[in-house]
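J.: My structure is below; once you've seen it, I'll send some questions.
2 protein chains.
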Amino acid sequence: MRSNPAPVVRARGEMATVGEVTPTPTIKTVAEAAGVSPASVSRALNGNPSIAPEIVERVMRAADAVGYRPNGIARSLRTRTTKVIALLIPDIGNPFFTAVARGVTDAAEAEGYTVLLCNTDEDPEKERRHLAVAEQARVAGVVLSPQGRDTDISRLRQSRIPVVVIDRPLREKTDAIVVRSFAGARAATSHLIDQGWSRPACVTGPASADTARARLRGYRAAIREHSGLPEIVAHADFRQEGATLAARELLDQPDPPDAFFVANAPMALGTLAALAERNLRVGSDVGFVSFDDAPWAPYMTPPISVVAQPAHPLGERAARLLMESLRTPTERRPRRITLSPTLIVRASSLRPPRG
Amino acid sequence: MRSNPAPVVRARGEMATVGEVTPTPTIKTVAEAAGVSPASVSRALNGNPSIAPEIVERVMRAADAVGYRPNGIARSLRTRTTKVIALLIPDIGNPFFTAVARGVTDAAEAEGYTVLLCNTDEDPEKERRHLAVAEQARVAGVVLSPQGRDTDISRLRQSRIPVVVIDRPLREKTDAIVVRSFAGARAATSHLIDQGWSRPACVTGPASADTARARLRGYRAAIREHSGLPEIVAHADFRQEGATLAARELLDQPDPPDAFFVANAPMALGTLAALAERNLRVGSDVGFVSFDDAPWAPYMTPPISVVAQPAHPLGERAARLLMESLRTPTERRPRRITLSPTLIVRASSLRPPRG
DNA sequence: TTGTACGCGTTATCAG
DNA sequence: CTGATAACGCGTACAA
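First to last, the protein sequences are chains A and B.
Position 306 of the first sequence, counted from 1, bears residue number 306 in the working numbering, the numbering being contiguous throughout.
Position 260 of the second sequence, counted from 1, bears residue number 260 in the working numbering, the numbering being contiguous throughout.
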């Protein structure tokens, strides 16, 4: 049997060539199919009120007859706007930022925006690159968790791309949503001390990160409020493996700590690993509190006490703040929103009665 | 002292108006500043060989004198290409997909692409919407973890946007990277049985998800290889809370299970919660294995045995496969890559000697 | 090697 | 209410 090829409609009466592909339909294709002008198609598709319902109908039909999909690129070029938000965070693998990302995408999506995800890995160079990409992509706005206090966002300002900084403030004045790291850290450490732990240590992040420093300061404040307590501090890189190393060193000191305040969730896991190596039992041999509530924290043995940050809401609010400032292009003064973390006492920080 | 305002260069000799904003520099601005044609600027900036080094130099200077940033939108419209990949996954909160996302972004970034992140929440409607958005954004390609076997990607095909399907295959023939779920599930369940657990249950995902079904089939296969063992099955929604509910029901049956094979990490946590409620101790009262290695799994008490998927490599390979097919626009036959998971035996699945 | 002119697909302006 | 037309910013064929 001979095959029976279906007839193919070709634009502009071109001849079919071997391997020729049907061109993607444009607004013009639709216009021809509907017997109207491209302008009318545009109006019909965008719900412009000044257009006859009958034409709208005809255009709609024609549009999905030819399988038309609006070209967002062309639209963006013409309107000079984009429906995309860039999200720059250190690491999507950190559950805190995973939750933030979820918050940002949820809020963005609700208003028709999509999210460009960029991991900066606490690397200033990567951060710069991603910022440049975001600028060239003409994203509508940027949600940024900056690597340090001096990240340069002047280019974004020039391009009039609004920025909301999260988690860590910038030296420069910008919209920002931050969490009271100092207060959270102090509360956690005080709690440890109140429980009777006598040598609480702090495992914090790199000194470049504002949150790492704030959490360390909170720890110090609590320590100083109780005379006679030593400060035992280690800086790690906010990552699990780094914390294991740091904790080992602390544990190898002549006078090792008997409790830990750890500055984020991945490092909490890393510290727990070091503890396990030494057969130190959390909640009896050592006290333990970490920053950031992770899904697994309640299910550890014993359950881990944490300073919980409102990560998802933080992401949502950041995105909303951004989109709000998109609607009001007028220069407002920067808004700074400060959220409070919550100390959730589970069992890891509790000290059993001496026996 | 009078302030001494710096002179402002204005394009096209416009008068300064109150509140006037400097227009973002374009290739034209640079051309004027450098005293060459826009075409030369374009060529210089894109490293076109046929252009005098001296001009290149002059253009470069002019470019950053006026603070020029290429407009990616315009470039995309002109070249009909984009450097963005859309990533559609059920939930970035699931550590498996977090790792996949990290893999995709890492590989994409290495070749100058960026990643559009979309959560589908196992919702066909959301999936459709995101697919449409990706199409309109004219993304270069799509990495998709489809909600079901019948997700419609014909529109993408028409638009000649390549798709790599991950984790779950489509009925349709496409590039795909999957993991041997059946084999992994069977190995996990067999291991449980070998350890002497006599009533292993399976908590799997929604029947719509291919992986949920494959893992269930793997469980069943193992059960049937050992006569006399009952099949105890619950379907949940791949989420933590859903699994808690499902596990409770299983536990409330007259003949409750004495071991669990759980189909992903969030549900593992949910199941552990139900177990904890009943004071059932994992590794002594009940056996436990779950799919997906999570960062916390080794640090639970006891450490959780898992079927580890190569999540990060999977993401990397998906992105690379996509970008490869971007380079070879010729129609190749679909590639299907199958990765093997690894059973990692820790303590949760081990059965203590009867005593 | 360089410049001119056109088109990528849309939307906005301006007549009719 | 509708249609021509210009412009968004860039890359490239073509001409010089």
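The beta carbon of each residue, even a glycine, is placed where N, CA and C say it ideally should be.
Assuming contact is defined by CB atoms lying nearer than 9 Å, are Val-286 of chain A and Asp-258 of chain A in contact in what I supplied?
T.: Result yes, Cβ atoms of Val-286 of chain A and Asp-258 of chain A sit closer than 9 Å.
J.: Nearest CA to the CA of Ala-209 of chain B: which residue from B:Ser-181, B:Arg-149, B:Thr-105?
T.: Among B:Ser-181, B:Arg-149, B:Thr-105, the Cα nearest to that of Ala-209 of chain B is on B:Arg-149.
J.: Candidates B:Pro-206, B:Gly-112, B:Ile-166: which alpha carbon is nearest Val-84 of chain B's?
T.: The residue with the shortest Cα to Cα distance from Val-84 of chain B is B:Gly-112.
J.: Kindly say whether Trp-296 of chain B, judged by its beta-carbon, lies nearer than 9 Å to any beta-carbon of chain A.
T.: Judged by the 9 Å Cβ criterion, Trp-296 of chain B is in contact with chain A.
J.: Can you tell me whether Arg-215 of chain B is buried or exposed? The criterion is at least 16 other CB atoms within 10 Å of its CB, across all chains shown.
T.: Buried, since its Cβ has 16 or more Cβ neighbours within 10 Å.
J.: Among A:Ala-101, A:Val-164, A:Asn-71, A:Cys-118, which one has its Cα closest to the Cα of Leu-326 of chain A?
T.: That would be A:Val-164, whose Cα lies nearest to the Cα of Leu-326 of chain A.
J.: Do you know whose CA, among B:Glu-324, B:Arg-248, B:Ser-190, B:Val-59, lies nearest Val-407 of chain B's CA?
T.: For residue 407 of chain B there is no data in the structure shown, the boundaries of chain B being 1 and 355.
J.: With a threshold of 9 Å between beta-carbons, can Val-133 of chain A be considered close to chain B, or not?
T.: At least one chain B Cβ lies under 9 Å of Val-133 of chain A.
J.: In this structure, does DSSP put Glu-14 of chain B in helix, strand or coil?
T.: The predicted position of Glu-14 of chain B is uncertain, since its pLDDT is 37 and thus under 50; a value taken from the coordinates is nonetheless stated next. Coil.
J.: What is the rounded straight-line gap between the Cα of Leu-272 of chain A and the Cα of Ser-349 of chain B?
T.: Using only the alpha carbons, I get a separation of about 21 Å.
J.: Would you kindly work out how many angstroms separate the C-alpha atoms of Asn-94 of chain B and Ala-265 of chain B, rounded to a whole number?
T.: So the alpha carbons of these two residues sit roughly 7 Å apart.
J.: Could you say which of B:Asp-292, B:Arg-333, B:Ala-318, B:Leu-280 lies nearest to Thr-301 of chain B if we only look at CA atoms?
T.: Among B:Asp-292, B:Arg-333, B:Ala-318, B:Leu-280, the Cα nearest to that of Thr-301 of chain B is on B:Leu-280.
J.: Would you decide whether Pro-25 of chain A is buried or exposed? Buried here means 16 or more other CB atoms lie within 10 Å of its CB.
T.: Classification of Pro-25 of chain A: buried, given that the 10 Å Cβ count is 16 or more.
J.: Of all the alpha helix (DSSP H) runs that stay within the bounds of the segment 125-160 of chain A, which reach a length of 4 or more residues?
T.: Whole alpha helix (DSSP H) segments, 4+ residues: 154-158.
J.: Does the separation of the CB atoms of Ala-263 of chain B and Thr-211 of chain B fall below 9 Å?
T.: Yes. Within cutoff.
J.: If you reduce the DSSP assignment to three classes, tell me which class Arg-180 of chain A lands in.
T.: Note: Arg-180 of chain A maps to coil in three-state DSSP.
J.: Going by the CB atoms, is the gap between Ala-274 of chain A and Ala-297 of chain A shorter than 9 Å?
T.: Not in contact: Ala-297 of chain A and Ala-274 of chain A (Cβ atoms no closer than 9 Å).
J.: Taking the C-alpha atoms as reference points, what is the distance between Trp-197 of chain A and Ala-268 of chain A?
T.: Whole-angstrom Cα-Cα distance: 18 Å.
J.: Applying the criterion that 16 or more other CB atoms from any shown protein chain within 10 Å of the CB defines a buried residue, is Asp-293 of chain B buried or exposed?
T.: The residue in question, Asp-293 of chain B, is buried, as its Cβ has 16 or more Cβ neighbours within 10 Å.
J.: Could you pull out every residue in the same chain whose Cβ sits closer than 7 Å to the Cβ of Ser-250 of chain A, ignoring the five residues on either side in sequence?
T.: Residue 250 of chain A is actually Leu in this sequence, not Ser. Closer than 7 Å at Cβ, skipping near neighbours: Ala-201, Ile-232, Ala-234, Pro-256, Pro-257.
J.: Note the first and the last residue of the continuous alpha helix (DSSP H) segment covering Val-306 of chain B.
T.: Val-306 of chain B -> not in any alpha helix (DSSP H); beta strand (DSSP E) instead, spanning 305-308.
J.: Hey, how far is the Cα of Asp-121 of chain A from the Cα of Ala-276 of chain A?
T.: Looking at the two C-alpha atoms, the distance is approximately 28 Å.
J.: Classify Ser-208 of chain A as helix, strand or coil using the three-state DSSP reduction.
T.: Ser-208 of chain A falls in the coil class under three-state DSSP.
J.: Which value, in whole angstroms, describes the spacing of the CA atoms of Pro-353 of chain A and Gly-184 of chain A?
T.: Computed Cα separation, rounded: 26 Å.
J.: Are the segment 55-70 of chain B and the segment 100-110 of chain B touching by the rule of at least three beta carbon pairs closer than 8 Å?
T.: The segment 55-70 of chain B vs the segment 100-110 of chain B: no contact.
J.: Give me the subset of the segment 70-94 of chain B whose CB atoms are less than 7 Å from a CB atom of chain A, sorted by chain position.
T.: From the segment 70-94 of chain B, only Pro-70, Asn-71, Gly-72, Ile-73, Ala-74, Ser-76, Leu-77, Ile-92, Gly-93 have a Cβ closer than 7 Å to chain A.
J.: Run the CB neighbour count on Pro-90 of chain B, radius 10 Å, all protein chains shown included, and call it buried at 16 or more, exposed below.
T.: Buried: at least 16 other Cβ atoms inside 10 Å.
J.: Which chain A residues are close to Ala-259 of chain B, counting only those with a beta carbon under 9 Å from its beta carbon?
T.: What Ala-259 of chain B touches in chain A: nothing, since even the nearest Cβ is about 18 Å away.
J.: To be precise: take each residue of the segment 126-158 of chain B, compare its Cβ to all Cβ atoms of chain A, and keep it if any distance is under 9 Å. Which residues remain?
T.: Residues passing the 9 Å Cβ filter: Lys-126, Arg-129, His-130, Ala-132, Val-133, Ala-134, Glu-135, Gln-136, Ala-137, Arg-138, Arg-155, Gln-158.
J.: With 9 Å as the threshold, decide whether the Cβ of Val-164 of chain B is near any Cβ in chain A.
T.: Closer than 9 Å: no.
J.: Quick one: what does DSSP say Gly-355 of chain B is sitting in, helix, strand or coil?
T.: Caution applies to Gly-355 of chain B, whose pLDDT of 47 falls short of 50 and renders its modelled position unreliable; the value that the coordinates give is listed next. Coil, per DSSP.
J.: Per DSSP, what kind of secondary structure is Ile-55 of chain B in: helix, strand or coil?
T.: Correct three-state label for Ile-55 of chain B: helix.
J.: Measure the Cβ-Cβ separation of Ile-177 of chain A and Ile-92 of chain B and say whether it is below 9 Å.
T.: Against a cut-off of 9 Å, the Cβ pair of Ile-92 of chain B and Ile-177 of chain A comes out as no contact.
J.: Please classify Leu-71 of chain A as buried or exposed, where buried requires at least 16 neighbouring CB atoms within 10 angstroms.
T.: First, the residue type needs correcting, since residue 71 of chain A is Asn and not Leu in the sequence shown. It counts as buried.
J.: Output needed in chain order: residues of the segment 248-278 of chain B with a Cβ under 8 Å from some Cβ in chain A.
T.: Taking 8 Å as the Cβ-Cβ cut-off against chain A, the residues of the segment 248-278 of chain B that qualify are Pro-266, Leu-269, Leu-272, Ala-273, Ala-276.
J.: Taking all protein chains shown into account, do 16 or more other C-beta atoms lie within 10 angstroms of the C-beta of Ala-243 of chain A, making it buried, or fewer, making it exposed?
T.: Result: buried.
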